[in-house]
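Asks:
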Amino acid sequence: MALDVRVDELFQRYQDIQKYVGWTPRDADLVMRAGKLVEPSFAELVDDFYRELGEHEETRRVITGGEAQVQRLKLTLIAWLKELVTGPYDLAYVERRFRVGYRHVEIGLKQVYVEAAVSRLRKGLVQALRLNWPAEADPEELAVTIQAVNSLMDLDLAIIQDAYETALNDRLMRVERLAAIGRVAGGVAHELRNPLNVMRTSVYYLQNAKNATPEKVAEHLERIERQVTASDSVISALSEFAKLPTANLQATSVLECLRKSVPTDSWPENVQLVWDIPDHLPCALADEKQLAIAFSNLIRNGCESMSNGGTLTLSARLVRDRIEVAVTDTGCGIKAEDLPRIREPFRSTKARGIGLGLALTHAILEKNCGTLEVTSEVDRGSTFTVVLIADAS
-14 MALDVRVDEL FQRYQDIQKY VGWTPRDADL VMRAGKLVEP SFAELVDDFY RELGEHEETR
46 RVITGGEAQV QRLKLTLIAW LKELVTGPYD LAYVERRFRV GYRHVEIGLK QVYVEAAVSR
106 LRKGLVQALR LNWPAEADPE ELAVTIQAVN SLMDLDLAII QDAYETALND RLMRVERLAA
166 IGRVAGGVAH ELRNPLNVMR TSVYYLQNAK NATPEKVAEH LERIERQVTA SDSVISALSE
226 FAKLPTANLQ ATSVLECLRK SVPTDSWPEN VQLVWDIPDH LPCALADEKQ LAIAFSNLIR
286 NGCESMSNGG TLTLSARLVR DRIEVAVTDT GCGIKAEDLP RIREPFRSTK ARGIGLGLAL
346 THAILEKNCG TLEVTSEVDR GSTFTVVLIA DAS
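If you read the sequence shown in my numbering, its first letter stands for residue -14, the second for the next number, and so on.
1. Where does the unbroken beta strand (DSSP E) through tryptophan 252 begin, and where does it stop?
2. Could you tell me the alpha carbon to alpha carbon distance between arginine 107 and glycine 93, rounded to whole angstroms?
3. Count the CB pairs spanning the region 299 to 309 and the region 366 to 377 that are closer than 8 Å, and state whether there are at least three.
4. Nearest by alpha-carbon distance to leucine 15: which of Ala128, Leu297 and Ala236 is it?
5. Using the Cα positions of cysteine 288 and glycine 318, report the straight-line distance between them to the nearest angstrom.
6. Report yes if the C-beta distance between leucine 153 and glutamate 80 is below 8 Å; otherwise report no.
7. Pull up the DSSP beta-bridge partners for arginine 307, would you.
8. Is the Cβ-Cβ distance between asparagine 282 and threonine 237 less than 8 Å?
9. Please name the residue or residues paired with serine 361 in a DSSP beta bridge.
10. Excluding the five sequence neighbours on either side, which residues of its own chain have a C-beta within less than 7 Å of the C-beta of alanine 148, listed in chain order?
11. Tell me which same chain residues have a C-beta within less than 6 Å of the C-beta of isoleucine 327, skipping the five on either side of it?
12. For glutamine 235, list the residues DSSP reports as bridge partners.
13. In whole angstroms, what is the alpha-carbon distance linking tyrosine 5 and glutamine 146?
14. With three or more beta-carbon pairs closer than 8 Å as the criterion, would you say the region 257 to 276 touches the region 347 to 363?
15. Pick helix, strand or coil for tryptophan 65, following the three-state DSSP scheme.
16. Please report the distance separating the alpha-carbon of alanine 194 from that of proline 180.
17. Please state whether DSSP places leucine 258 in a helix, a strand or coil.
18. Counting Cβ pairs closer than 8 Å, one from the region 254 to 262 and one from the region 291 to 307, do we hit at least three?
19. By Cβ distance below 8 Å, which residues in the same chain neighbour alanine 336 in space, the five residues on each side in sequence not counted?
20. How big is the Cα-Cα spacing for arginine 365 and aspartate 323?
21. Taking contact to mean at least 3 C-beta pairs separated by less than 8 Å, is the region 59 to 66 in contact with the region 31 to 38?
22. Tell me the DSSP secondary structure of threonine 356 in three-state form.
23. Assuming alanine 113 contacts glycine 72 under a Cβ cut-off of 8 Å, what Cβ separation, rounded to an integer in Å, is found between them?
24. In chain order, what are the residue ranges of uninterrupted alpha helix (DSSP H) at least 4 long that sit wholly in the region 40 to 86?
25. Out of Gln3, Asn117, Arg162 and Cys354, point me to the one whose CA is closest to tyrosine 74's CA.
26. Pull up the distance between the alpha-carbon of leucine 229 and that of cysteine 354, whole angstroms please.
27. Report all residues from its chain with a CB closer than 8 Å to the CB of glycine 295; omit the five preceding and five following residues, and keep chain order.
28. State the Cα-Cα distance for the pair arginine -2 and tryptophan 8, rounded to the nearest angstrom.
29. Taking cysteine 242 and leucine 276 to be in contact with their CB atoms under 8 Å, please state how far apart those CB atoms are, rounded to whole angstroms.
30. Run the CB neighbour count on histidine 205, radius 10 Å, all protein chains shown included, and call it buried at 16 or more, exposed below.
31. Look at the Cβ atom of valine 103, then the Cβ atom of alanine 19, and state whether they are nearer than 8 Å.
32. If valine 134 sits next to valine 111, beta carbons under 8 Å apart, how far is it from one beta carbon to the other, in whole angstroms?
33. Who pairs with threonine 296 in a beta bridge, going by DSSP?
34. Please name the residue, chosen from Thr231, Lys59, Thr249 and Lys67, that lies closest to glutamate 24 on a Cα-to-Cα basis.
35. Alpha carbon to alpha carbon, how far is lysine 21 from alanine 380? Give it in angstroms, no decimals.
36. Under 8 Å between the Cβ atoms of threonine 360 and threonine 368?
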């Protein structure tokens, strides 16, 4: 399991938690002075710790190296305790504690047992501090010192919990990436298998047909060419989806971008185009080229949903610091059960769609700090609303 974490961000969180629990330089000084009193008890504390660990199956099973591993771990825990009471509580300290916590994830120790272990060490440290506190010393200072020790143990526990949370998020991201790879692989296989099967059939005919007429040969060659074109469109769309660059955000006229996105040379004759965009609409903060791709996909989808004709409306408005751009069609609509998954790659509700248009649009809008909202009703039409940041200038 690879550790991928920004140490500066980790330390920033630690400092925030220090403020939250009220940790002060005086607390650090109290703990360091107490360290001299409790350090002689470290060996006994560690022996007790591993003796108790051996009594529980869930904790015992992570010790796979026998007594030799236990002896190494005891030395590591003593070093951990020494650093706890000596500091300094800087970035390097936090990173080392975080890695220790992450290591517990790697060996499969459940978080609840780690927290119980910290609690046992905390109890042992407080007991050792009480037993070794000088009789002539101020008892009120003992109480304040115990409070400082408890705060420090809480801070270390927070680091451990952060490590477990980071590991969980890492694991979820890996699972999501593998699932995405699986969906893409399955989609590519499905989209390419059909044209390949058609081409195989035509190739078989051309190789084995006896006395095939020129017309029949031409028919099969055209069929092969159509399937090659279909396969190439799948690969091109996938390549465009995978190589989407970082957005170059700048002031972009929504009206001009929409105008460039409307395919004037191939606009369906039975679809009426309606514009509802105010002239004074502010610019959006976006990458114009990427935004044009997103708009083109939404406009094309709207037109394709109206095979029997209809109206496509392009509207926009300023809502506080956001610009909402709506592409509304009067087409077939989308079933309610299909709506949650229409942004997934290779998920298409169209008979001939490859299912990358909306996935690409969604990815583009994410890179442009925007969102895509969808409302739809079967046989009434759909509205795809692009929400972008308005340019403040």
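All C-beta atoms, glycine included, are put in the ideal place defined by N, C-alpha and C.
Replies: The structure says:
1. By one-based count along the sequence shown, residue 252 stands at place 267. For tryptophan 252, no beta strand (DSSP E) run applies, since DSSP gives it neither H nor E.
2. In the sequence shown, the residue the question calls residue 107 occupies position 122. In the sequence shown, the residue the question calls residue 93 occupies position 108. In this model, arginine 107 and glycine 93 are separated by some 23 Å (Cα to Cα).
3. Counting C-beta pairs with one atom in each stretch, the region 299 to 309 and the region 366 to 377 have three or more that are closer than 8 Å, which means they touch.
4. As a position in the sequence shown, residue 15 is number 30, starting the count at 1. Checked all of Ala128, Leu297 and Ala236; the closest Cα to leucine 15 is Ala128.
5. The residue given as residue 288 occupies position 303 in the sequence shown. The residue given as residue 318 occupies position 333 in the sequence shown. Cysteine 288 and glycine 318: Cα-Cα distance of roughly 12 Å.
6. Looking up residue 153 in the sequence shown gives position 168. Looking up residue 80 in the sequence shown gives position 95. Not closer than 8 Å, so no.
7. The count along the sequence shown starts at 1 and reaches residue 307 at position 322. Paired residue(s): Val304 and Ile374.
8. The sequence position of residue 282 within the sequence shown is 297, counting from 1. The sequence position of residue 237 within the sequence shown is 252, counting from 1. Contact flag unset, no.
9. As a position in the sequence shown, residue 361 is number 376, starting the count at 1. Per DSSP, Ser367.
10. The residue labelled residue 148 in the question sits at position 163 within the sequence shown. Within the same chain, alanine 148 has close Cβ partners Phe83, Gly86, Tyr87 and Val90.
11. Along the sequence shown, read from residue 1 onward, the residue named residue 327 stands at position 342. Shown here for isoleucine 327: same chain residues with a beta carbon closer than 6 Å to its own, the five before and five after excluded, namely Leu343 in chain order.
12. Mapped onto the sequence shown, residue 235 falls at position 250. Paired residues: Ala271.
13. If you number the sequence shown from 1, residue 5 lands on position 20. If you number the sequence shown from 1, residue 146 lands on position 161. Taking the straight line from one Cα to the other gives about 16 Å.
14. Contact between the region 257 to 276 and the region 347 to 363 is present, because at least three Cβ pairs lie under 8 Å.
15. Here the question's residue 65 lines up with position 80 in the sequence shown. Three-state result, tryptophan 65: helix.
16. Counting from one through the sequence shown, the residue named residue 194 turns up at place 209. Counting from one through the sequence shown, the residue named residue 180 turns up at place 195. Straight across, the Cα-Cα distance linking alanine 194 with proline 180 is about 21 Å.
17. The count along the sequence shown starts at 1 and reaches residue 258 at position 273. In the structure shown, leucine 258 sits in a strand (DSSP, three-state: E or B).
18. The region 254 to 262 is in contact with the region 291 to 307.
19. Here residue 336 is taken as the residue at index 351 of the sequence shown, counted from 1. Any answer about alanine 336 is weak, because its pLDDT of 45 lies below 50 and its placement is not dependable; what the coordinates show is given next. Same-chain partners within the cutoff: there are none.
20. Stepping through the sequence shown from its first residue, residue 365 is reached at position 380. Stepping through the sequence shown from its first residue, residue 323 is reached at position 338. For the pair arginine 365 and aspartate 323, the Cα-to-Cα distance works out to about 16 Å.
21. Result yes; three or more Cβ-Cβ pairs closer than 8 Å.
22. Along the sequence shown, read from residue 1 onward, the residue named residue 356 stands at position 371. In the structure shown, threonine 356 sits in a strand (DSSP, three-state: E or B).
23. Here residue 113 refers to the residue found at position 128 when the sequence shown is read from its first residue. Here residue 72 refers to the residue found at position 87 when the sequence shown is read from its first residue. The pair is not a contact, with the Cβ atoms about 19 Å apart (cut-off 8 Å).
24. DSSP runs (the alpha helix (DSSP H)) wholly in the region 40 to 86: 42 to 45 and 51 to 71.
25. Indexing the sequence shown from 1 puts residue 74 at position 89. Nearest to tyrosine 74 by alpha-carbon distance, out of Gln3, Asn117, Arg162 and Cys354, is Gln3.
26. Here residue 229 refers to the residue found at position 244 of the sequence shown. Here residue 354 refers to the residue found at position 369 of the sequence shown. Cα to Cα, leucine 229 sits roughly 14 Å from cysteine 354.
27. Working through the sequence shown from its first residue, we reach residue 295 at position 310. Within the same chain, and ignoring the five residues on either side of glycine 295 in sequence, the residues whose Cβ sits closer than 8 Å to its Cβ are Asn255, Val256, Gln257, Asp314, Thr315, Gly316 and Gly366.
28. As a working note, residue -2 is residue 13 in the sequence shown. As a working note, residue 8 is residue 23 in the sequence shown. Arginine -2 and tryptophan 8: Cα-Cα distance of roughly 14 Å.
29. As a working mapping, residue 242 is identified with position 257 in the sequence shown. As a working mapping, residue 276 is identified with position 291 in the sequence shown. The Cβ separation is near 5 Å, so the contact holds.
30. Residue numbering aside, residue 205 sits at position 220 when the sequence shown is read from its first letter. Burial check for histidine 205: the Cβ neighbour count within 10 Å reaches 16 or more, so the residue is buried.
31. As a first step, residue 103 must be located in the sequence shown, where it is residue number 118. As a first step, residue 19 must be located in the sequence shown, where it is residue number 34. In this structure, valine 103 sits away from alanine 19, with a CB-CB distance that is not shorter than 8 Å.
32. Counting from one through the sequence shown, the residue named residue 134 turns up at place 149. Counting from one through the sequence shown, the residue named residue 111 turns up at place 126. Going by Cβ atoms, the distance from valine 134 to valine 111 rounds to 6 Å, so yes, they are a contact pair.
33. In the sequence shown, counting from the first residue as 1, residue 296 sits at position 311. Answer by DSSP bridge pairing, in chain order: Gln257.
34. The count along the sequence shown starts at 1 and reaches residue 24 at position 39. Closest by alpha carbon: Lys67.
35. Missing from the structure shown is residue 380; the chain here goes from -14 to 378 and no further.
36. In the sequence shown, residue 360 corresponds to position 375, counting from 1. In the sequence shown, residue 368 corresponds to position 383, counting from 1. Contact flag set, yes.
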